[in-house]
Amino acid sequence: MIRFLNLHKSFGRHEVLTGIDAEVEKGQVVCLIGASGSGKSTMLRCVNGLEDYQKGDILVDGERVDAHAPSIHRIRTRVAMVFQRFNLFPHMTALENVMEGPVQVLREPREEVRARAEEHLRRVGLSDKRDFYPSALSGGQQQRVAIARALAMRPEAILLDEPTSALDPEMVGEVLSVLRDLAQEHMTMLIVTHEIQFAREVASNVFFLDKGRIAEQGLAEQVLVHPQNPRTQDFLRRVR
Ligand code: ADP
Ligand code: MG
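Going by full-length UniProt numbering, the sequence shown opens with residue 1, and the numbers climb by one from there.
In structure tokens form, the structure reads like this:
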């Protein structure tokens, strides 16, 4: 579904991704872990063209990602993104936020979109909040709206960049629970997270990123419980 082939990415002269080879298969939940500054967000942002890259390839279902080509718009509808800070439209209600993509980007009929948007809000437990503006919602509720908004595009995969790290501790659970449900429904997801326990529970595979390179990857249990690389071992000791 998503393939990274010898991916190199620089900001100016600073190379932050130094040859990434990895693959997220259809239906897999992959957690991407690693220290702050290791390149996790950059790796995700390259997948839907929020950043370009200098060398190597990213393929989404066989189609090459090129941030500067018109095809990037199509790729963005196929691979949705959920950000750490929700990024909801502040002047739109929860329901309008969820409807915006399908109406404006996919050009789908408003009434159909509305019915599906209500269904997505129900799925994340927010039916009763559909007419609320983001400012009237808690962080956990805003992030669940953001997930409903991603789902409304009927994506083939969802990228999530630390979806719970901007939340107060008491709201982390409600967002992880929504992600757990999606994992059970085999939604393809690549999730940057520091929640190691959650990763153990939902991830099929884990990538450990270290200084712009995947130092270790494999089955979640293998990487998180029996890491082979001393850097992975050290990282896990520090975040636990
Ligand atoms: P992580 O998400 O793992 O914390 P990032 O992908 O955000 O790491 O950053 C990786 C490296 O790239 C860091 O050294 C960061 O300072 C640098 N970086 C990220 N975004 C930019 C940017 N827009 N311009 C210059 N450097 C950047
Ligand atoms: Mg980051």
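Glycine included, each C-beta is placed from N, C-alpha and C at the ideal position. These figures come from a predicted structure and were not determined experimentally.
Buried versus exposed, by CB contacts within 10 Å (16 or more), residue i
i: residue 234; result: exposed
i: residue 226; result: exposed
i: residue 38; result: buried
i: residue 104; result: exposed
i: residue 228; result: exposed
i: residue 169; result: exposed
i: residue 49; result: buried
i: residue 163; result: buried
i: residue 120; result: buried
i: residue 74; result: exposed
i: residue 148; result: buried
i: residue 197; result: exposed
i: residue 115; result: exposed
DSSP three-state assignment for residue i, whether helix, strand or coil
i: residue 124; result: coil
i: residue 87; result: coil
i: residue 28; result: coil
i: residue 130; result: coil
i: residue 157; result: strand
i: residue 1; result: coil
i: residue 211; result: coil
i: residue 178; result: helix
i: residue 166; result: coil
i: residue 217; result: strand
i: residue 106; result: coil
i: residue 22; result: strand
i: residue 14; result: strand
i: residue 112; result: helix
i: residue 43; result: helix
i: residue 65; result: coil
i: residue 49; result: coil
i: residue 77; result: helix
i: residue 92; result: coil
Member of the options whose CA lies at the smallest distance from the CA of residue i
i: residue 160; options: 171, 170, 210, 182; result: 182
i: residue 188; options: 194, 60, 51; result: 60
i: residue 76; options: 172, 150, 206; result: 150
i: residue 45; options: 79, 136, 203; result: 79
i: residue 55; options: 154, 230, 5, 31; result: 5
i: residue 185; options: 23, 17, 13, 27; result: 27
i: residue 21; options: 224, 216, 236; result: 216
i: residue 102; options: 155, 68, 71; result: 155
i: residue 24; options: 13, 90, 206; result: 206
i: residue 90; options: 146, 212, 239; result: 146
i: residue 9; options: 19, 228, 100; result: 19
i: residue 219; options: 211, 204, 231, 232; result: 204
i: residue 210; options: 2, 41, 58; result: 41
i: residue 53; options: 123, 12, 114; result: 12
i: residue 214; options: 172, 17, 84, 51; result: 17
i: residue 153; options: 143, 107, 197, 162; result: 107
i: residue 194; options: 112, 143, 172; result: 172
i: residue 122; options: 212, 15, 178; result: 178
i: residue 85; options: 62, 43, 166, 73; result: 166
i: residue 208; options: 222, 202, 144; result: 222
i: residue 65; options: 98, 88, 2, 176; result: 2
i: residue 81; options: 143, 176, 197; result: 143
i: residue 157; options: 236, 47, 118; result: 47
i: residue 242; options: 83, 110, 239; result: Lying before the first or after the last residue shown, residue 242 is absent from the chain, which here runs from 1 to 240.
> ligand 1: which residues have Cβ under 5 Å from any of its heavy atoms, chain order?
Replying inline: 11, 16, 36, 37, 38, 39, 40, 41, 42
> If we count Cβ pairs, one from each stretch, closer than 8 Å, do we get three or more for the segment 129 to 145 versus the segment 82 to 94?
Replying inline: yes
>> Could you check whether the segment 22 to 40 touches the segment 184 to 199, counting it as contact only if at least three pairs of C-beta atoms, one from each stretch, sit closer than 8 Å?
In response: yes
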